[in-house]
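Enquirer: In full-length UniProt numbering, the protein residues as written are 1 to 506. The structure is given below, and queries will be raised subsequently.
Written as structure tokens, this is what we have:
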């Protein structure tokens, strides 16, 4: 487009061939075709000769095959054919290069909803863009489901390679981000996410406006006289199209908008002076979500790197500065944990605090690992409160793991037809009376003696309310499996009463 515009400043871009009829004679046109246009082109090919049009046809290979098959007369008029190699979105390439140049803490690569179910496709998409942006650089993919210590090790040993993680849950995001901070990695990290988020990482996407025709219609409605030209020069970057629409609605001259984009290798960044002067990007320096074009334009002037170096106490205060902003990627204790891991000396007190925060954030394996770090350093610490905190976390994690084992074992007994065994086991754990001899109720278990010792040695403890609810429910299932429906109903009523829930009325 840029090369053609240099020689033909009146170049037109069309997405529908019917628009050719209204063009002045001798016009130079880029016509973006679809297979459905073949019939019109074959019938109306005299229009090209009568109006002396110079046309560049741009289409996919499958559209070319349709033209050859369904518009043979028109197809024979084509003078030259050039194969275009597969390309990537230029705005994503510019974003990755600028992120590296500015030593951004990391990249959130937004892949969009259409790739949610196809993990391999989105990984290949990121790798293609990355190779175009930084040829010769390596990516090491990290599995966030690995043991946390392994994640930290993989990041630590990555060297100068970029580390990337494809995440599908907030838990995986947190594990990867905390491991990055624990490994003291300050940059060269990529996190795949489905949407834009408020975060200190840079949001980058290779997404484009769905259809050229749709973008042209929106720009024309906003007042553009040559909407195809604007859309094509913008690279169809979705956010740039939206900014162009808003600027046109504010009576910014179309020629000036086009000139701004052409003056910069990155059209989105070239437009940003006008975007900022119009006030379309709110809080561009202080905000936690910065639109990608503005982000590329501001570069090192972005205030987020300064935010990441504030004192520790500031990290727990999350401000949403823009009412129209995206939701934060890290929530709850997660941003504070990331901050504490990446800053300052890792003393026993620091590990103890981190372990408690991770426990409260429901990452039990990480909480246990960090509590272990604190206890390992206890001989160098005079802070007994920190040691007590770490010991408390270890005890709580072990108890919760025990409860998970109890719940899983009870479910296994029920699912394998051992309802009587499940009943005795659950009654003992819940502190309920057991009829008959305990030994006589456990039949056919492989580790009978070990189970008897476990059940006899189990003390009634204050179980987690949700765990108690699950155990009550499993006990009711065990009774129903034995045909004791009235007793099962009584157990459910007792469960509801204990949990403060009104029993159902018959």
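Glycine included, each C-beta is placed from N, C-alpha and C at the ideal position.
1. Return the chain-ordered ranges of every beta strand (DSSP E) run that is complete within the segment 199-280 and spans a minimum of 3 residues.
2. Going by the CB atoms, is the gap between residue 74 and residue 42 shorter than 8 Å?
3. Please identify the residue among 356, 21 and 35 whose C-alpha is closest to the C-alpha of residue 50.
4. Hey, could you find the ends of the alpha helix (DSSP H) residue 140 is sitting in?
5. Pull up the DSSP beta-bridge partners for residue 290, would you.
6. In three-state terms, what does DSSP make of residue 17?
7. Consult DSSP for residue 189 and reduce its assignment to one of helix, strand or coil.
8. How would you call residue 412, buried or exposed, if buried means at least 16 neighbouring beta carbons within 10 angstroms?
9. Under three-state DSSP, which class holds residue 51?
10. Could you work out which residue in 330, 465, 485 and 479 is closest to residue 496 when comparing CA atoms only?
11. Use the C-beta contact count for residue 206: other C-beta atoms within 10 angstroms, 16 or more gives buried, fewer gives exposed.
12. Taking residue 142 and residue 155 to be in contact with their CB atoms under 8 Å, please state how far apart those CB atoms are, rounded to whole angstroms.
13. What number of angstroms, rounded off, separates the C-alpha of residue 329 from the C-alpha of residue 415?
14. Can you tell me the Cα-Cα spacing of residue 44 and residue 227, whole angstroms?
15. Apart from the five residues on each side of it in sequence, which residues of its chain come closer than 7 Å, Cβ to Cβ, to residue 477?
16. What does the alpha-carbon distance come out to for the pair residue 243 and residue 406?
17. Looking at C-alpha atoms only, which residue of 327, 331 and 376 is the closest neighbour of residue 350?
18. Enumerated in chain order, which unbroken segments of the alpha helix (DSSP H) with a length of 4 residues or greater are wholly contained in the segment 334-361?
19. Going along the chain, which residues of its own chain have a beta-carbon closer than 7 Å to the beta-carbon of residue 216, five neighbours each way excluded?
20. Is it buried or exposed for residue 24, if we count other Cβ within 10 angstroms and need 16 for buried?
21. Check this for me: beta carbons of residue 203 and residue 292, under 8 Å apart or not?
22. Quick one: what does DSSP say residue 29 is sitting in, helix, strand or coil?
23. Under a Cβ-count criterion, where at least 16 other Cβ atoms within 10 Å of its own Cβ denotes burial, should residue 165 be classed as buried or exposed?
24. Helix, strand or coil for residue 107? Go by DSSP, reduced to three states.
25. What's the C-alpha gap between residue 108 and residue 218?
26. Beta carbon of residue 471, beta carbon of residue 430: below 8 Å?
27. Can you confirm whether the segment 361-368 touches the segment 330-341 when touching is taken to mean that 3 or more C-beta pairs between the two stretches lie within less than 8 Å?
28. Residues in its own chain within less than 7 Å of residue 491 by CB, not counting five upstream and five downstream?
29. Which first and last residues belong to the alpha helix (DSSP H) in which residue 88 is found?
30. Which residues bound the alpha helix (DSSP H) around residue 113?
31. Taking the alpha-carbon positions, what's the residue 72 to residue 26 distance?
32. In terms of residue numbering, what span does the beta strand (DSSP E) encompassing residue 168 cover?
33. How many Å lie between residue 394 and residue 178 at the Cα?
34. Which same chain residues end up closer than 8 Å to residue 9 when comparing Cβ atoms and leaving out the 5 residues on each side of it in sequence?
Expert: Per the coordinate set shown:
1. 202-205
2. Yes. Within cutoff.
3. 21
4. First-last for residue 140: 139-141, but that is the beta strand (DSSP E), not the alpha helix (DSSP H).
5. Paired residue(s): none; residue 290 is not in a bridge.
6. helix
7. strand
8. exposed
9. coil
10. 465
11. buried
12. 6 Å
13. CA-to-CA, the gap between residue 329 and residue 415 works out to about 39 Å.
14. 24 Å
15. 414
16. 57 Å
17. 376
18. Considered as a whole, the segment 334-361 harbours 334-342 and 348-360 as its complete alpha helix (DSSP H) runs of no fewer than 4 residues, in chain order.
19. 15, 227, 228 and 231
20. exposed
21. For residue 203 and residue 292, yes; Cβs fall inside 8 Å.
22. strand
23. Burial is judged here by how many other beta carbons sit within 10 angstroms of a residue's own beta carbon; residue 165 has at least 16 and is buried.
24. strand
25. 28 Å
26. yes
27. Here the segment 330-341 lies against the segment 361-368, with 3 or more beta-carbon pairs under 8 Å apart.
28. 472, 475, 476 and 479
29. No alpha helix (DSSP H) contains residue 88, which DSSP labels as neither H nor E.
30. Taken as a continuous stretch (DSSP letters only), residue 113 belongs to no alpha helix (DSSP H), as it is neither H nor E.
31. So the alpha carbons of these two residues sit roughly 24 Å apart.
32. No beta strand (DSSP E) contains residue 168, which DSSP labels as neither H nor E.
33. 20 Å
34. none
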